[in-house]
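Student:
2 protein chains.
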Amino acid sequence: DLQAQKAGQLFSGLLALNVVFLGSAFICSMIFNNVAVTLEDVWLLLVVLKVLSLLWLLYYVASTTRRAHAVLYRDPHAGPIWVRGSLVLFGSCTIFLNIFRVGYNVSHVHCKSQLELVFPPIEIVFISIQTWVLWKHCKDCVQVQTNLTRCGLMLTLATNLLLWVLAITNDSMHHEIEAELSALMEKFSGNETNTCLCLNVTVCEVFRRGYLLLYPFSTEYCLVCCAVLFVMWKNVGRCLAPHAGPHPSTPPFRLHGAIFGPLLGMLALVAGVCIFVLFQIQASGPAIAHQYFTLYYAFCAAILPAMTLACLVGTAIHGLEERELDTLKNPTRSLDVVLLMGAALGQVGIAYFSIVAIVATHPQELLNRLILAYSLLLILQHITQNLFIIEGLHRRPVWEAALQGKPEAEPPRRGSLLELGQSLQWASLAYIHSYSHLNWKRRALKEISLFLILCNITLWMMPAFGMHPEFENGLEKDFYGYGTWFTIVNFGLPLGVFYRMHSVGGLVELYLGA
Amino acid sequence: DLQAQKAGQLFSGLLALNVVFLGSAFICSMIFNNVAVTLEDVWLLLVVLKVLSLLWLLYYVASTTRRAHAVLYRDPHAGPIWVRGSLVLFGSCTIFLNIFRVGYNVSHVHCKSQLELVFPPIEIVFISIQTWVLWKHCKDCVQVQTNLTRCGLMLTLATNLLLWVLAITNDSMHHEIEAELSALMEKFSGNETNTCLCLNVTVCEVFRRGYLLLYPFSTEYCLVCCAVLFVMWKNVGRCLAPHAGPHPSTPPFRLHGAIFGPLLGMLALVAGVCIFVLFQIQASGPAIAHQYFTLYYAFCAAILPAMTLACLVGTAIHGLEERELDTLKNPTRSLDVVLLMGAALGQVGIAYFSIVAIVATHPQELLNRLILAYSLLLILQHITQNLFIIEGLHRRPVWEAALQGKPEAEPPRRGSLLELGQSLQWASLAYIHSYSHLNWKRRALKEISLFLILCNITLWMMPAFGMHPEFENGLEKDFYGYGTWFTIVNFGLPLGVFYRMHSVGGLVELYLGA
Numbered sequence: 034d035l036q037a038q039k040a041g042q043l044f045s046g047l048l049a050l051n052v053v054f055l056g057s058a059f060i061c062s063m064i065f066n067n068v069a070v071t072l073e074d075v076w077l078l079l080v081v082l083k084v085l086s087l088l089w090l091l092y093y094v095a096s097t098t099r100r101a102h103a104v105l106y107r108d109p110h111a112g113p114i115w116v117r118g119s120l121v122l123f124g125s126c127t128i129f130l131n132i133f134r135v136g137y138n139v140s141h142v143h144c145k146s147q148l149e150l151v152f153p154p155i156e157i158v159f160i161s162i163q164t165w166v167l168w169k170h171c172k173d174c175v176q177v178q179t180n181l182t183r184c185g186l187m188l189t190l191a192t193n194l195l196l197w198v199l200a201i202t203n204d205s206m207h208h209e210i211e212a213e214l215s216a217l218m219e220k221f222s223g224n225e226t227n228t229c230l231c232l233n234v235t236v237c238e239v240f241r242r243g244y245l246l247l248y249p250f251s252t253e254y255c256l257v258c259c260a261v262l263f264v265m266w267k268n269v270g271r272c273l274a275p276h277a278g279p280h281p282s283t284p285p286f287r288l289h290g291a292i293f294g295p296l297l298g299m300l301a302l303v304a305g306v307c308i309f310v311l312f313q314i315q316a317s318g319p320a321i322a323h324q325y326f327t328l329y330y331a332f333c334a335a336i337l338p339a340m341t342l343a344c345l346v347g348t349a350i351h352g353l354e355e356r357e358l359d360t361l362k363n364p365t366r367s368l369d370v371v372l373l374m375g376a377a378l379g380q381v382g383i384a385y386f387s388i389v390a391i392v393a394t395h396p397q398e399l400l401n402r403l404i405l406a407y408s409l410l411l412i413l414q415h416i417t418q419n420l421f422i423i424e425g426l427h428r429r430p431v432w433e434a435a436l437q438g439k440p441e442a443e444p445p446r447r448g449s450l451l452e453l454g455q456s457l458q459w460a461s462l463a464y465i466h467s468y469s470h471l472n473w474k475r476r477a478l479k480e481i482s483l484f485l486i487l488c489n490i491t492l493w494m495m496p497a498f499g500m501h502p503e504f505e506n507g508l509e510k511d512f513y514g515y516g517t518w519f520t521i522v523n524f525g526l527p528l529g530v531f532y533r534m535h536s537v538g539g540l541v542e543l544y545l546g547a
Numbered sequence: 034d035l036q037a038q039k040a041g042q043l044f045s046g047l048l049a050l051n052v053v054f055l056g057s058a059f060i061c062s063m064i065f066n067n068v069a070v071t072l073e074d075v076w077l078l079l080v081v082l083k084v085l086s087l088l089w090l091l092y093y094v095a096s097t098t099r100r101a102h103a104v105l106y107r108d109p110h111a112g113p114i115w116v117r118g119s120l121v122l123f124g125s126c127t128i129f130l131n132i133f134r135v136g137y138n139v140s141h142v143h144c145k146s147q148l149e150l151v152f153p154p155i156e157i158v159f160i161s162i163q164t165w166v167l168w169k170h171c172k173d174c175v176q177v178q179t180n181l182t183r184c185g186l187m188l189t190l191a192t193n194l195l196l197w198v199l200a201i202t203n204d205s206m207h208h209e210i211e212a213e214l215s216a217l218m219e220k221f222s223g224n225e226t227n228t229c230l231c232l233n234v235t236v237c238e239v240f241r242r243g244y245l246l247l248y249p250f251s252t253e254y255c256l257v258c259c260a261v262l263f264v265m266w267k268n269v270g271r272c273l274a275p276h277a278g279p280h281p282s283t284p285p286f287r288l289h290g291a292i293f294g295p296l297l298g299m300l301a302l303v304a305g306v307c308i309f310v311l312f313q314i315q316a317s318g319p320a321i322a323h324q325y326f327t328l329y330y331a332f333c334a335a336i337l338p339a340m341t342l343a344c345l346v347g348t349a350i351h352g353l354e355e356r357e358l359d360t361l362k363n364p365t366r367s368l369d370v371v372l373l374m375g376a377a378l379g380q381v382g383i384a385y386f387s388i389v390a391i392v393a394t395h396p397q398e399l400l401n402r403l404i405l406a407y408s409l410l411l412i413l414q415h416i417t418q419n420l421f422i423i424e425g426l427h428r429r430p431v432w433e434a435a436l437q438g439k440p441e442a443e444p445p446r447r448g449s450l451l452e453l454g455q456s457l458q459w460a461s462l463a464y465i466h467s468y469s470h471l472n473w474k475r476r477a478l479k480e481i482s483l484f485l486i487l488c489n490i491t492l493w494m495m496p497a498f499g500m501h502p503e504f505e506n507g508l509e510k511d512f513y514g515y516g517t518w519f520t521i522v523n524f525g526l527p528l529g530v531f532y533r534m535h536s537v538g539g540l541v542e543l544y545l546g547a
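Line order of the protein sequences matches chains D and V. The numbering of the first sequence is my numbering, which starts it at 34 and goes up by one. The numbering of the second sequence is my numbering, which starts it at 34 and goes up by one.
#1: Does the distance from the C-beta atom of V116/D to that of V261/D stay below 8 Å?
#2: Could you name the residues of the same chain whose beta carbon sits closer than 6 Å to that of V235/V, not counting the 5 residues immediately before and after it, in chain order?
#3: Could you tell me if P153/D is buried or exposed, where buried requires 16 or more neighbouring beta carbons within 10 angstroms of its beta carbon?
#4: In terms of alpha-carbon separation, which member of A390/V, C333/V, V269/V lies closest to V108/V?
#5: Helix, strand or coil: how does DSSP classify R100/V here?
#6: Straight-line CA distance for M584/V to G514/V?
#7: Specify, as a first and last residue, the run of the beta strand (DSSP E) that V175/D falls within.
#8: So, does the CB of T520/V fall closer than 8 Å to a CB anywhere in chain C?
#9: Keeping to the same chain, check which residues put their C-beta closer than 7 Å to that of L35/D; ignore five residues upstream and five downstream.
#10: Which residues bound the alpha helix (DSSP H) around C258/V?
#11: Determine the chain D residues that contact T517/V at a beta-carbon separation under 8 Å, and present them in chain order.
#12: Whole-angstrom Cβ separation of N180/V and L72/V, contact assumed at under 8 Å?
#13: Do I391/V and G525/V have their beta-carbon atoms positioned less than 8 Å apart in this structure?
#14: Return the residues of the segment 377-398 of chain D that lie within a Cβ-Cβ distance of less than 8 Å from chain V, sorted by chain order.
#15: Work out the CA separation of R476/V and L345/V for me, nearest whole Å.
#16: Check the DSSP bridge columns for R107/D and list the partner residues they point to.
#17: In the structure shown, what three-state DSSP assignment does V151/D receive?
#18: Please check the pair L373/D and G539/D, which I expect to be a contact at CB under 8 Å, by giving their CB distance rounded to whole angstroms.
#19: Strictly under 8 Å for the Cβ-Cβ distance: is H208/V near chain D by that measure?
#20: Put S119/V into one of helix, strand or coil per three-state DSSP.
#21: Return yes when the Cβ of Y385/V is within less than 8 Å of the Cβ of F54/D, no when it is not.
#22: Please classify Y544/V as buried or exposed, where buried requires at least 16 neighbouring CB atoms within 10 angstroms.
#23: Tell me, please, whether the CB atom of Y532/D is closer than 8 Å to any CB atom in chain V?
#24: If you reduce the DSSP assignment to three classes, tell me which class H323/V lands in.
#25: Give the straight-line distance between the Cα atoms of S307/V and V537/V, rounded to the nearest whole angstrom.
#26: Would you tell me roughly how many angstroms separate the C-alpha atoms of K479/D and P502/D, rounded to the nearest one?
#27: Can you list, in chain order, the residues of its chain whose CB lies under 7 Å from that of A164/V, leaving out five sequence neighbours each side?
#28: Under 8 Å: do the segment 191-201 of chain V and the segment 81-96 of chain V share three or more Cβ pairs, one atom per stretch?
#29: Indicate whether at least one CB of chain D lies closer than 8 Å to the CB of I424/V.
#30: Do the CB positions of H535/D and E424/D come within less than 8 Å of each other?
#31: Just the Cα atoms here: how many angstroms apart are A40/V and L217/V?
#32: Do R183/V and S45/V have their beta-carbon atoms positioned less than 8 Å apart in this structure?
#33: Just checking: is the beta-carbon of A335/D within a distance shorter than 8 Å of some beta-carbon in chain V?
#34: If you measure beta-carbon to beta-carbon, which residues of the segment 67-79 of chain V are closer than 7 Å to chain D?
#35: In chain order, what residues of the same chain lie with their CB nearer than 7 Å to the CB of A103/D, ignoring the 5 residues before and after it?
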């Protein structure tokens, strides 16, 4: 049985690998030989994959709802609410993005091919159905047709991965928009050119802005889908121990008298929101003034060392603590750790590229020095935060220790009153131990976690809602060239946003466990 | 203790990640902005890394030989003879490559910078010492200074990885050689240009040929070093069960009456050698005639379906067999499986890129159709071979089952003669069972394994000794452009060579186990 499972995983993995390779070869051909393989060829391939994935998703829903024994277990760790929430959020953003694309295409209908008008509606259908299926079924541990299910999941995963690869490498729409803007400028200055121009300028402006603003969400959406589908794939054919069914509910979120952490964190959050608003107001104009970049990078250069320090102190406290280590194998935690490390690559990669660009051009300006400091601090912060969170995830939560320290809960016997009394006494002791009597270490951990949660939310909010100073400051864009830097940023930023989200999830767990 | 190990692995992994990122950013900057970051900057960075790695390697040797308790255990699975052999083989090839580079540079001394003359000797020193240390210490399970050792190993691994990345992306030397050749042509035709020309044409020709021939070996060397260093890193701080010390010796390699497999395999090998020799004779001329490409691809298109068929039959027999599954966790086997899957990516990637290039250009020639068929068959062959080998590695070898089926070997007692007799009788029965009485399934498996071993050796030999029709046939080079195709082929081919070597290793294990 284990062997059959391994073989199924191997086969479906190979299938996905081949699909991804074929698609990547298409996309690379498009990039390096635009004449022989056009963007439309790539889209056609993706439409075929999307239709196949859709058919499979519908078949999956039909077959699992028809048979009662198809899904006997549901993994309580899979698909937590924040993952499903971001799935819906990013999914609806991507749908809006495609609506804007339809609008843009329709208003340029006189110079677009028929095929180009068809693709966005297909994408909308695909995303709607996929989001709905994943929302409903992300916790499933399927027991029937395991091999077919694995292959179908991997096909869908490969499709999403290819959509992601295309999204981070294909800057044609951005180019088109820029070309149109400059063509408009020329038109006003009298030089009529035969570029494809918009029929209604105001409406086009809305579509254009919407498209540029929502673009990062679509890359984000593909990543989240891949993560969810991977967890589902891992869970195919898995049998959970029956008693693990009702997951021990985590204690409710309460402050426990933590003051400094939330206060400092709120300060950072408020400052971040102010800077974000100022920056976005500027960004809606033709160009962003120099001092706003300075403001942004100075803010980051102030907040990042504080976060690094907090992580270091937290790691030190973890080292001092006498709490038990949880050395059991835990697939969800392993995946968490891998995702945390993998997602960190995005921002760290961007930071290293920035550093090399700045060091190689030897700039003397304050702004460039700030960017250099920011990049270095960012790398340091990612490393220390990863250490802190991973170290923390391997400690046993206090509330779990309290619950499990209790002498083994035997099947209810008609026991003596004495036993009942002892049990009650024990429960109240555990309660006191875990809630009232916080020693300084646990209190410090709670303060640090809260501070880090708020800081991470601040740093998540800025890129997630369309603030991309890395792209707009122009330094690295000039150094690497538009296309290369577009790819690097579009590879790194969505991963960075994902990293912040995931960190918040991990930190909340740490907070509750401390 | 487990926690300390995890933390150490995490920290050293992060260190390596950062080094690799920094180096990659350098290399990317060099590719996309050749003015600000030159090749010499990248070399300087690599020299720094090499010197650091060298210092650490020497310190490691000194510290482990001085302390007796530093290496208590040696992992019997790590560093098998074929890995260490290829380390030395590829290492010496890389040293020769650098000697040719020195020769080439010296004969162009009037137009090379001082710095360029210094790099190859440093590389020679680095490779010699690294090969020597890895040869001696690749089985170590170090017990002292585990964190420092992990960091040092990861630093060395990162250095080798960066050398590999540089080798597959930096085609400057190849460009230089081509430029010189065309300049020489022009000189003969009377147009004197001011390109840097060789002082002695015959000597330069030797250096040039040697450089081009040995180039793939250097990329191969980096890959093998990375694999060995990774295994050493995994083994740091590992304690082996003491009784596992003397590894149960595998039975000697004997034919057991297999006839058809080795015969067919030898046929393929001889044909392959003939084609290889013909091709290389052609390649030493100015251009390779069309029919030799046809010959090569036709040969491959004949041998690959046979291999695929053999793998399918083998997998089916595995399915029929009643042998026990080995479901125990086995880190060496897991690494084997991962390496097999990872190395397959190389050739599969090249094949997909070829397919897209051919399909997009719609060629009508026989050769292009052959290349298309070859690429498709190659992908199929990789998939089926991976399934066959991985399936086989999870079966328990017959000889091991025979040895372990024996009642637990108790410490020698002055036992009765009867017991001794029983024991002898048992041993001879086991011998008969495992060697003489081969049922048809085991016999078929042995035939298939032998056939596949010889075929894989054939397909290994051709690219390993400098036959690169993928690069010379010109089809994909025209389609993707020189630089891109150079990177794809130099990424894929060494992985492909590694894949064939690794397959042979796995198949020999299957043969002995069947």
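Note that the Cβ used here is the ideal one computed from N, Cα and C, for glycine as well.
Tutor: Considering the structure as presented:
#1: yes
#2: According to the sequence displayed, residue 235/V carries Thr and not Val. For T235/V, where only same-chain residues beyond five positions count, there are no Cβ hits under 6 Å.
#3: buried
#4: According to the sequence shown, residue 108/V is Asp rather than Val. For D108/V, the nearest C-alpha among the options comes from V269/V.
#5: DSSP places R100/V in coil when its eight states are reduced to three.
#6: This structure cannot speak to residue 584/V, because chain V is shown only from 34 to 547.
#7: 173-175
#8: Annotation note: the requested chain C is absent from the structure, which comprises protein chains D and V.
#9: none
#10: 234-268
#11: Within 8 Å Cβ-Cβ: C61, F65.
#12: In fact, because the Cβ distance is near 35 Å, the residues do not count as touching under 8 Å.
#13: no
#14: L378, V381, G382, Y385, F386, I388, V389, A390, A393, T394
#15: Between L345/V and R476/V, the C-alpha separation is close to 16 Å.
#16: The partner list for R107/D (beta bridge, DSSP) reads D173/D.
#17: Note: V151/D maps to helix in three-state DSSP.
#18: 7 Å
#19: no
#20: helix
#21: yes
#22: buried
#23: No, Y532/D lies away from the interface with chain V (no Cβ there is under 8 Å from its Cβ).
#24: helix
#25: The question names Ser, yet the displayed sequence has Cys at residue 307/V. Straight-line Cα distance between these residues: approximately 21 Å.
#26: Straight-line Cα distance between these residues: approximately 32 Å.
#27: In the sequence under discussion, the amino acid at residue 164/V is Thr, which differs from the Ala named in the question. Closer than 7 Å at the Cβ level, and outside the excluded window around T164/V, lie L120, V121, G124.
#28: yes
#29: The question names Ile, yet the displayed sequence has Glu at residue 424/V. With a threshold of 8 Å between beta carbons, E424/V makes contact with chain D.
#30: no
#31: 58 Å
#32: yes
#33: no
#34: Listed by position, the residues of the segment 67-79 of chain V near chain D (Cβ gap below 7 Å) are A69, V70.
#35: S96, T97, V175, Q176, V177
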